[in-house]
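Numbering (the working numbering), first residue to last: 423 to 539. Where a beta carbon is used, it is the ideal one built from N, C-alpha and C, also for glycine. All values reported here derive from a predicted model rather than from experimental measurement. Structure first, then comments.
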Amino acid sequence: MISVYGNLPCEPEPGATPPKIELHVNHSALDVQMDFVHIGEEFLQHDKIALSKLSEEELQEQADARALLWKHVLTYWEQGKANGFDPATRPEWESVAGMLDFVQALTGNAQEILREE
């Protein structure tokens, strides 16, 4: 299993600032992460059904690919923190927070089914 927390490339970059993110007109800081949560909860039910039909090898490939995606998103989040920003309090990072929760759940789904095999 791939460790998502090992060797994150998040060296602080002197003078780095958060990227300029264009928010949707009706953006609400609370909505984005909650939308991910609700969509994720619904999708994960479908996902478990699909995962349960995979071979053990295919399931391991899914778990590894999802862990790499989780690591990718986590690296972006940790880079912001390493540069002195608090992404959890910035509206333009709500989508990153939601994606982080979602890919963590996707990874957990695959790992759970793999343990049951």
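By the criterion of at least three beta-carbon pairs nearer than 8 Å, the region 475-488 is not in contact with the region 452-464. Between residue 523 and residue 537, the alpha-carbon positions lie close to 21 Å from each other. In the DSSP assignment, residue 483 falls within the alpha helix (DSSP H) that extends over 478-504.
Per the C-alpha coordinates, the member of 464, 491, 531 and 472 positioned closest to residue 518 is 491.
Non-local beta-carbon contacts of residue 531 in its own chain, meaning distances under 7 Å to residues more than five positions away in sequence, involve 466, 469, 470 and 473 in chain order. Distance between residue 457 and residue 513, taken at the CA atoms: about 14 Å. Exclusion of the five residues before and after residue 528 leaves 488 as the residues of its chain whose Cβ lies within less than 6 Å of its Cβ. The alpha carbon of residue 539 has as its nearest neighbour, out of 462, 475, 497 and 464, the alpha carbon of 475.
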